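Here's the structure we're looking at; comments come further down.
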Amino acid sequence: MASLTTSLHVNKKALFDYEIVQGYEAGIKLTGPEVKSVRAKQCNLKGSYVSLASGRPILKGLHISPYEHLPHKLGIDPSADREIFLHKKTIDYLTGKLKEKGFSLIPTEVYSKGNLIKISVALARGRKVFEKKQVLKERDVNRDMEREIGRY
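According to our numbering, the sequence shown is numbered sequentially starting from 2.
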């Protein structure tokens, strides 16, 4: 039986700013109140990235708002660095790729898979300004074509 996946947050800005080369599924280390906040869609991936410090992938810049029904909110840092879990071979491969010029490791989506919270990370190459403009032009042309096809 396939486990049910539910998208909780998509990093649309990163999908526009970067050209995705390869995607990976990773687990993320969270506390109980953080899991409840993420399930309530109280997280933001904008500006976040993954660094491979000392061979351990660390997600930086993920903002998870404190759970609103928690009676005490002491000691909770919404923007704390969080450890993510990948296979050792994948970490070794990504370490080599990140040393090449132009590659970054970015989170693209947070989703639940069964009872687990997963994060989709992607090896990506940054787009230049003219490439972003070209993507916008292509979207406009495709939208206009779909509109014209819909009329007939």
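Beta carbons are placed, not taken as given, at the ideal position from N, Cα and C, and that holds for glycine. No experiment lies behind these values; they were computed from the predicted model shown.
Have a look at the DSSP bridge pairing and note the partners of residue i.
i	result
Y112	S8, K119
K61	Y50
A27	I120
N45	H64
F104	R126
Residue j and residue i - do their beta-carbons sit closer together than 8 Å?
i	j	result
E26	K119	yes
I85	Y19	no
T32	S113	no
V111	L9	yes
K42	K14	no
Y50	S105	yes
R126	G97	no
L124	L95	yes
L60	C44	no
Along the chain, where does the beta strand (DSSP E) containing residue i start, and where does it finish?
i	result
E159	Absent from the model: residue 159. The displayed extent of the chain is 2 to 153, so no value can be given.
What would DSSP say about residue i, mapped onto helix, strand or coil?
i	result
R128	coil
I77	coil
E20	strand
M2	Since pLDDT at M2 reaches only 47, below the 50 mark, its modelled position is unreliable, and no value is offered.
E69	coil
L137	helix
List the endpoints of the continuous alpha helix (DSSP H) containing residue i.
i	result
G97	89–100
S38	33–40
Requested in this report: Would you be able to state if there are at least three C-beta pairs under 8 Å between the segment 61–80 and the segment 136–150?
Outcome: no
Report task. Take every Cβ of the segment 76–87, pair it with every Cβ of the segment 124–133, and state whether three or more of those distances are shorter than 8 Å. Result -> no
Query raised in the report: Counting pairs of beta carbons, one from the segment 49–63 and one from the segment 16–26, are three or more of them closer than 8 Å?
Result: no
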